[in-house]
Each structure stands twice: as C-alpha cells, then as structure tokens.
Amino acid sequence: MISSRKFWQALLVPTTTADLEHMLRKAALRVTRPRVAVLSAVRAHPHADTDSIVGVVRRELPKVSRQAVYDVLRALTETGLLRRIQPMGSVARYEARVGDNHHHLACRSCDAIVDVDCAVGVAPCLAASHAHGFTIDEAEVIYWGLCSSCSPDPAAEQNS
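Numbering-wise (the working numbering), the sequence shown opens with residue 91 and increments by one.
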C-alpha cells in the first residue's frame, strides 16, 4: 500500500496534457488551453505567485491575458484542483498539493515556502479550544523562520 505522502508526491510529478485534461473533466470543468497551461504551471512550480504563473503560462500561450489567468486560478481553486495559500504579509501563492494534511514553512527573509507534512497526519491536526458550533475539517499552519540560505552561518559568526 502506498503511503499518503508518496501518493501526493506522485501526483506532483510531471503530468501529460491528457492527464491534466482528465483532471479538468473530472472536476466538471471545460478543457481549455489556458486551464491546462495554468494547471501545468502550478504543478511544475509549487507555491508560485500569480505573476510567476502568468510568466510561465505566457511562454506557452503568449497572448493569454492576466485576467484570464486570474479567472483560471479562481476556477481551479474553487473546484479543489489547486490550493491558494497566503502567508501574512505575502502575496497569494498556489499549489497543486491538495487533499492531504500538510502545512508550510515560510522564510521571513526571502519569502521561500516549502511543504511540511503534519506530524499528526490527520485533518485537522489541531484542536480548537472551542468550536463555536463549527464543524472543523482543516487547520492551516504556517511555520515562520529563516531558510538555510538566509540563516546566518554559525561558523562564520564565531570566526568574526
């Protein structure tokens, strides 16, 4: 049996156009070149912001409008094919890793974002002190700090 982590990692490997078209149809979305291009771009560039996605899509579809990309991102997010994350003080980012319980590490310096699996492994992995009548099905956690590229080198600091 494949682990949940490996299952989701397998979904993020490069996918054929036919696979992307199948995903769109399964989500009851009409297959269009912009939708396929945006879905492919986000799958290839996890945690990309809208400007980056527009740039990648325009390499394939030079005349696609920024608004068309925004509309596609909204449609793909609403149908659950993409997930929109927006760490505090940052622009919205998009990822294709959906349906599992994972969180994010965000660098305060360079804005890098990486996935981190939930230690608990079930959704939601945090319990609210009081649910106030809500049925909680997800907890979004963002760990903040400095990535290895932005962290001061302890050896260099000791030598100065």
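A virtual CB, placed ideally from N, CA and C, is assigned to each residue, including glycine.
Please read all numbers here as calculations on a predicted model, not as lab measurements.
CB-CB length for residue 185 against residue 132, believed under 8 Å: Taking the sequence shown and counting its residues from 1, one reaches residue 185 at position 95. Taking the sequence shown and counting its residues from 1, one reaches residue 132 at position 42. The Cβ separation is near 7 Å, so the contact holds.
Residue 143: first and last residue of the uninterrupted alpha helix (DSSP H) it sits in: As a first step, residue 143 is located in the sequence shown; it is residue number 53 there, counting from the start. Unbroken alpha helix (DSSP H) run through residue 143: 140 to 150.
Tell me which same chain residues have a C-beta within less than 6 Å of the C-beta of residue 114, skipping the five on either side of it? Residue numbering aside, residue 114 sits at position 24 when the sequence shown is read from its first letter. Cβ neighbours of residue 114 beyond the five flanking positions: 121 and 125.
Taking 8 Å as the threshold (C-beta atoms), are residue 172 and residue 188 in contact? Within the sequence shown, numbered from 1, the residue matching residue 188 stands at position 98. Within the sequence shown, numbered from 1, the residue matching residue 172 stands at position 82. Their beta carbons are under 8 Å apart, which means residue 188 touches residue 172 by this criterion.
Within its chain, find whatever has a CB closer than 7 Å to the CB of residue 201; leave out the 5 residues flanking it on each side and keep chain order. Stepping through the sequence shown from its first residue, residue 201 is reached at position 111. For residue 201, where only same-chain residues beyond five positions count, the Cβ hits under 7 Å are 180.
Just mark residue 110 as buried or exposed, buried being the case when its beta carbon has 16 or more other beta carbons within 10 Å. As a working note, residue 110 is residue 20 in the sequence shown. It is buried - the Cβ of residue 110 has at least 16 other Cβ atoms within 10 Å.
Nearest-angstrom Cβ-Cβ length linking residue 147 and residue 127, presumed shorter than 8 Å: Taking the sequence shown and counting its residues from 1, one reaches residue 147 at position 57. Taking the sequence shown and counting its residues from 1, one reaches residue 127 at position 37. About 5 Å; that satisfies the 8 Å criterion.
Can you name, in chain order, every residue of its own chain whose Cβ lies under 6 Å from the Cβ of residue 204, other than the five neighbours on each side? Mapped onto the sequence shown, residue 204 falls at position 114. Cβ neighbours of residue 204 beyond the five flanking positions: 195.
Reduced DSSP secondary structure (H/G/I, E/B, other) of residue 230: Residue mapping note: residue 230 aligns to position 140 of the sequence shown, counting from 1. Looking at residue 230 - three-state DSSP - the assignment turns out to be coil, as it is neither helix nor strand.
With distances taken between CB atoms, is the gap from residue 183 to residue 227 smaller than 8 Å? Here residue 183 refers to the residue found at position 93 of the sequence shown. Here residue 227 refers to the residue found at position 137 of the sequence shown. No Cβ-Cβ contact shorter than 8 Å links residue 183 with residue 227.
To the nearest angstrom, report how far apart residue 240 and residue 198 are at their CA atoms. Reading the sequence shown from its first residue, position 150 is the one you call residue 240. Reading the sequence shown from its first residue, position 108 is the one you call residue 198. C-alpha separation (whole angstroms): 9 Å.
Helix or strand or just coil, what does DSSP make of residue 112? Looking up residue 112 in the sequence shown gives position 22. Looking at residue 112 - three-state DSSP - the assignment turns out to be helix.
Quick one: is residue 122 near chain C, going by C-beta distance under 8 Å? In summary, chain C is missing from the structure at hand, where a single protein chain is found.
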